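Position one of the sequence shown corresponds to residue 797 (the working numbering), numbered consecutively onward. Cβ coordinates follow ideal geometry from the N, Cα and C atoms, glycine included. No experiment lies behind these values; they were computed from the predicted model shown.
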Amino acid sequence: MDQNSAVIDEKKKNLINKITGILLDEMLKKNVNQELGQEIATYILNQSKNINDDQTLEFFLKQLAEKYSIFKLYYVNRSLKNQIKKTDEEKISSIKDQLSKLANFK
Numbered sequence: 797m798d799q800n801s802a803v804i805d806e807k808k809k810n811l812i813n814k815i816t817g818i819l820l821d822e823m824l825k826k827n828v829n830q831e832l833g834q835e836i837a838t839y840i841l842n843q844s845k846n847i848n849d850d851q852t853l854e855f856f857l858k859q860l861a862e863k864y865s866i867f868k869l870y871y872v873n874r875s876l877k878n879q880i881k882k883t884d885e886e887k888i889s890s891i892k893d894q895l896s897k898l899a900n901f902k
C-alpha cells in the first residue's frame, strides 16, 4: 500500500466514522427509524467501497447528502471548510510568489 492509498484509507475511515455517528445520533433522537437506519447503513457500506481517491470520497458524500437529508448539514459544512482552505492556500501561494519576486528584484 503506497502512502497516498494509506491517506485515502484514513480519510475514508474518518468519514465513515463521522457519518455513522450522525446516523446513530439521528436514530437515538428518533429522527430515523430502525428500518431507514438499516437502509442507510447498507447504502454507506456498499457505496463506500467505491472510494479510492479524494474525488470519489467527495462524490460519495455528495450522493449521500442528496439521498438522505440527515447528512446535508455535514456535507455543506465540510464543503465550506474545504473551500475556505482552498482559498487560503491560494492566497498564501500568491503572497509567497509576490515575496519571491520582491526578493529577486533586489
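Run of the alpha helix (DSSP H) containing residue i, from where it starts to where it stops
| i | result |
| --- | --- |
| D850 | 850 to 863 |
| D805 | 799 to 824 |
Three-state secondary structure (DSSP) of residue i
| i | result |
| --- | --- |
| N846 | coil |
| K877 | helix |
| V872 | helix |
| N827 | coil |
Own chain partners of residue i with C-beta closer than 8 Å, once the 5 adjacent residues on each side are dropped
| i | result |
| --- | --- |
| R874 | L857 |
| I818 | I866, F867, Y870 |
Subject >> contact_flag[the segment 827 to 844, the segment 880 to 898] where n(CB pairs < 8 Å) is 3 or more >> reply: Between the segment 827 to 844 and the segment 880 to 898 there are fewer than three inter-stretch CB-CB distances shorter than 8 Å, so the stretches are not counted as touching.
**OP:** Would you check if there are 3 or more beta carbon pairs closer than 8 Å linking the segment 840 to 857 to the segment 804 to 812?
**Re:** Contact holds: three or more Cβ-Cβ distances are below 8 Å.
Original post:
At a cut of 8 Å, does the segment 860 to 867 reach the segment 895 to 902 through at least three beta carbon pairs?
Top reply: No, because fewer than three Cβ pairs between the segment 860 to 867 and the segment 895 to 902 fall closer than 8 Å, the two stretches do not touch.
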